[in-house]
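**Q**
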Amino acid sequence: MSTAAPWRAEEEKAVVAASSARRIRVALLGAPNTGKTTLFNRLCGLRAKTANFPGTTTDARVGRFQLADESGEAAEIVDLPGTYRLFLELPEARICRAVLEGEGVYRQPDAAIVVADATNLSRSLCLVGELLGIGVPTIVALNMVDLAQRRGLTLDPVRIGQLLGCPVVPVVARSGRGVEELRLTLASALGTPPVTPELPVPDLADGDALLDWADRVVEESVGGEGAVGSGGDTLTERLDQAFTHSVLGVLLFAVVMAGLFWTVFALATIPMDLIDLTFDVMGDWVRATLPAGAVRDLLSNGIIAGIAGTVVFLPQICLLFFLISLLEDTGYLARAAFVTDRLLCRFGLPGHAFVPLLSSHACAIPGILSTSLIPDRRDRLATILVAPFMSCSARLPVYILLTSLLFRDRPLMAGLAFTGCYLLGALAAMTSALVARRTLLKGHSRPMVLELPSYKLPALRTAVLTAYQQGKTFLQKAGTVILAICIVMWWLSAYPKVEAPPEAEALRAEAVAIEASDPDRALELTAEAASLEAPHRQAASFAGRLGRLIQPIYAPLGYDWQLTVGVLTSFLAREVFVSTLAVLITGEEVDDPADEGVFSRVRDARRDDGTALFTTATAASLLVFFVLAMQCLPTLVVTRRETGAWRWAVLQFLWMSGLAWIFAFATYQGLHLVGVA
Amino acid sequence: MISSQPASRRFPSPRPDAWLPLTLVPEGTTARLRASDLRDSDRDLLTALGLTPDRRLFVCKTGSLCIVEVRGMRVGLSEAIAERLMVEPVDDSSSELPVGG
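So the protein sequences, as listed, match chains A and B. Under my numbering, the final residue of the first sequence carries the number 690; numbering is consecutive throughout. Under my numbering, the final residue of the second sequence carries the number 105; numbering is consecutive throughout.
(1) Do the CB positions of R55/A and G54/B come within less than 8 Å of each other?
(2) Kindly provide the ranges of any beta strand (DSSP E) runs that are 3 or more residues long and lie completely inside the stretch 57-101 of chain B, ordered along the chain.
(3) Per DSSP, what kind of secondary structure is P10/B in: helix, strand or coil?
(4) Are the stretch 340-349 of chain A and the stretch 249-266 of chain A touching by the rule of at least three beta carbon pairs closer than 8 Å?
(5) Output, in sequence order along the chain, the residues in the stretch 57-72 of chain B whose CB is closer than 9 Å to any CB in chain A.
(6) The stretch 84-99 of chain A: which residues have C-beta closer than 9 Å to a C-beta of chain B, in chain order?
(7) In whole angstroms, give me the CA-to-CA distance for S8/B and I387/A.
(8) So for S383/A, helix, strand or coil by DSSP?
(9) Using a Cβ cut-off of 8 Å (strictly closer), state whether T3/B contacts chain A.
(10) Could you tell me the boundaries of the alpha helix (DSSP H) in which G146/A lies?
(11) Is it true that the CB of L52/A sits closer than 8 Å to the CB of N133/A?
(12) Leaving aside the five residues before and after A47/A along the sequence, list all residues of the same chain whose C-beta is less than 7 Å from its C-beta, in chain order.
(13) List the whole-angstrom C-beta distance separating F335/A from T486/A, where the pair is believed to meet the contact cut-off of C-beta under 8 Å.
(14) Count the other CB atoms within 10 Å of the CB of K455/A; is the residue buried (16 or more) or exposed (fewer)?
(15) Hey, out of P569/A, A186/A, P170/A, whose CA is closest to C179/A's CA?
(16) Could you name the residues of the same chain whose beta carbon sits closer than 7 Å to that of M77/B, not counting the 5 residues immediately before and after it, in chain order?
(17) Going by beta carbon distance, what residues of the same chain come within less than 6 Å of D159/A, once the five residues before and after it are set aside?
(18) Please report the residue range of the beta strand (DSSP E) in which A154/A lies.
(19) Answer yes or no: do F367/A and A446/A have a C-beta to C-beta separation smaller than 8 Å?
(20) I want to verify the contact list: residues of chain B whose CB lies under 9 Å from the CB of T257/A, in sequence order.
(21) Give the residues of chain A in contact with S45/B, contact being defined as C-beta atoms less than 7 Å apart.
(22) For a quick check, are the C-beta atoms of T656/A and I320/A less than 8 Å apart?
(23) Do I152/A and E89/A have their beta-carbon atoms positioned less than 8 Å apart in this structure?
(24) For G315/A, which of helix, strand or coil comes out of DSSP?
(25) Run through chain A and tell me which residues come within less than 9 Å of T51/B, C-beta to C-beta.
(26) Report, in whole angstroms, the separation of the C-beta atoms of I527/A and A535/A, which I expect to be a contact under 8 Å.
(27) Does DSSP put S372/A in a helix, in a strand, or in coil?
(28) Taking Cβ to Cβ, would you say G364/A is nearer than 8 Å to M461/A?
(29) What residues in the stretch 457-477 of chain A have a beta carbon less than 9 Å from any beta carbon of chain B?
(30) If you count every other CB in all the chains shown that lies within 10 Å of the CB of A476/A, and 16 or more means buried, which is it?
(31) Nearest to N314/A by CA position, among V230/A, V208/A, F292/A, is which residue?
(32) If you reduce the DSSP assignment to three classes, tell me which class Q254/A lands in.
(33) CB G296/A to CB A318/A, shorter than 8 Å?
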């Protein structure tokens, strides 16, 4: 394994710093779906940090727990990626080997805990055999013993331990049964000389011998119906008939996904509205309390608005991960991946990419975060790169405004154009994935070969902790950068301060003069003055000046300086486009595109030369631009965080925005060519 | 570096008559994995899941998603992989366990 890249050094040091003092270090290993994460959460609770394994995009969770009782020594535990074997050339196996060998920034662990599935012990034993074979002090946590007993298996942990020559502790990670004994066993096993196994591990180079050895351990220690076979899980067989059926499976998948995303949308709206309201009240309070000036502006429009813009994503992120964790735990997601694989593999994406791509229709940020479900690094990178093409909810106000401008009294056409935007985004995502897989991320997606775990009830505690961890990670890693960017963008839009135009000054003076005699008229005059001042300030701001400066780049797309400023500010977040246009044209900070007054004033707005701001060709070109362009700085920050490098975020920005420019240009010029102005 | 045995040997030529692509084997059949036409990395994936040469497997389902049971584990394989696996149906009335080694 290569050493850590320079950009990652600080992040990794932070994780490793937790163990600067010499502390017992334990590696947690296990095959996928053995309850490894549930056991990790049970041992550490909230005391876990997340970073990436060196040179990878795979999450590394490092936690602490008490070895024996509360007064006992603390140990540090590293949750390694799920793997069936150590000595295979698969990414997850390479990470496990590197950590076990103490490569990079990770100190070599003192012991390993292998979580083994008691309902199918043989599938975990090859990994145990490999660890014992290379001399790693190992403890086997025999998980889901309750389920094994219900299926008629009789397990003898003591006998298994004698055969393997290492301690074996039966546990039920979901309920916490046996976890205390596991701590005690680990404490007493450390420093104890190894026991001679009754069935020594064969030569690790002989894969078949290892499999036969694993089967012999099971035969000699596990009894009951189906001890070496399937364990008689007829429920799983029956459910698989439905969930993997060529027609019924697709229908059930559609129902499950519709339910998942409806729940995310419906339930997240309430806390999101509350967050919006809370920060609005805070902003109003600051504006009412502090004297006018730069500090008040910075606090109310920069910092509070920036924090609100970050925190508002939290409900969607936490809810999505909570529900995905529940679904994954049931065993259904492995089947769902197969349902979508047939479509996505044609574009070089794995079936696992479906959930992230679908989530991106709500918001690309939780979508990109949920790519952690994808086991292969290249598959994951390809999915992250194309996920923001999916039309997110922030594009909706822009779509509504522009489709209404294009098809004013033709709702059917407006509806079709709206649908076309979603299809164009999805098509761009698929095509871009195909291009990425044939160039930068050469190769096809990892073939779908997956263990189909038994169906079971999900662990609520694991889902809650997953949601908490993801939310916390988002705030720590992305939130701080998003806040900084929001402040910079606010400064660019608000400065330099300029004098109000003379017409506005005159109106305000008149308002003051008649305030006592005709207060209603005074209010009207003040509002009129504000509507003159706001676009004046916006045009004179750094953002406005920049808009004028770069307008020639957007001129071939049909945009004047006002539209260019709108496009420019919307790089902070797309929904800002409508409010920026409203400020530039009407002087009011209104962001409801359905507002009839705003709509008609935007529609009738003029350019400096007196021509209409929006023609059919301009509106169509803008619509295409907004479908394809990467106009969301928070998403770029999350891309950097998840890929571990700014170069992927920069590539995403350049590719999407470049594609947007080309297609918007083609739309505008094409419509002109056929006589549609 | 310790290397494992590959998941299955490459296609021999000529191919024995009794060998069939996994996709053509009827559901409910017990078979042995004989060969594969896969890249090394894909074969490593199969090895990880216990699908090694001559290993017995039970065909639970075929189609766009193929499900086999091997060593007590249900493994899903996409059709693209399954059609590249050559298996030989075996007499499942033998005394051997249906899906063990």
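All C-beta atoms, glycine included, are put in the ideal place defined by N, C-alpha and C. Since the model is a prediction, treat every value here as computed from it, not as a measurement.
**A** Short version:
(1) At a Cβ-Cβ threshold of 8 Å, R55/A and G54/B do not count as neighbours.
(2) If we require 3 residues or more, the beta strand (DSSP E) runs fully inside the stretch 57-101 of chain B come out as 60-65, 69-74, 77-82, 89-93.
(3) Confidence at P10/B is low in this model, with a pLDDT of 46, below 50, so its placement is unreliable and the value that follows should be read with caution. DSSP places P10/B in the coil class of the three-state scheme, outside both helix and strand.
(4) Contact between the stretch 340-349 of chain A and the stretch 249-266 of chain A is present, because at least three Cβ pairs lie under 8 Å.
(5) Along the stretch 57-72 of chain B, going in chain order, the ones with a CB nearer than 9 Å to a CB of chain A are P57, D58, R59, F62, C64, K65, G67, S68, L69, I71.
(6) Per Cβ criterion, the list reads T96, Y97, R98, L99.
(7) In this predicted model, S8/B has a pLDDT of only 43, less than 50, meaning its place in the structure is not dependable; the value taken from the coordinates is given anyway. Rounded to the nearest whole angstrom, the CA to CA distance from S8/B to I387/A is 25 Å.
(8) The answer is helix: DSSP assigns S383/A an H, G or I state.
(9) This structure cannot settle anything about residue 3/B, because the visible part of chain B is limited to 5 through 105.
(10) From DSSP, the alpha helix (DSSP H) with G146/A extends over 135-146.
(11) The answer is no: Cβ separation not under 8 Å.
(12) Per the sequence shown, residue 47/A should be read as Thr rather than Ala. Hits under 7 Å: V128, A129, D130, S137, N156.
(13) About 14 Å separates the CB atoms of F335/A and T486/A; that is not less than 8 Å, and the two are not in contact.
(14) For K455/A, the number of other beta carbons within 10 angstroms of its own is below 16, and it is reported as exposed.
(15) Check the Cα spacing between C179/A and each of P569/A, A186/A, P170/A: the tightest is with P170/A.
(16) L53, G54, listed in sequence order.
(17) The residues are V185.
(18) That run of the beta strand (DSSP E) goes 151-156.
(19) Cβ atoms of F367/A and A446/A: not closer than 8 Å.
(20) Here the neighbours are K65, G67, S68, L69, I71, G80.
(21) Simply E102.
(22) No.
(23) At least 8 Å separates the beta-carbon of E89/A from that of I152/A.
(24) DSSP places G315/A in helix when its eight states are reduced to three.
(25) Within chain A, the C-beta atoms nearer than 9 Å to that of T51/B come from Y97, R98, L101, G220, in chain order.
(26) Indeed, because the Cβ distance is near 5 Å, the residues count as touching under 8 Å.
(27) In this structure, DSSP gives S372/A a helical state, which the three-state scheme calls helix.
(28) Result yes, Cβ atoms of G364/A and M461/A sit closer than 8 Å.
(29) Per Cβ criterion, the list reads R459, P460, M461, V462, L463, E464, L465, P466, S467.
(30) By the neighbour-count criterion, in which a residue is buried when 16 or more other Cβ atoms sit within 10 angstroms of its Cβ, A476/A is buried.
(31) The shortest Cα separation from N314/A among V230/A, V208/A, F292/A belongs to F292/A.
(32) Correct three-state label for Q254/A: helix.
(33) Contact flag set, yes.
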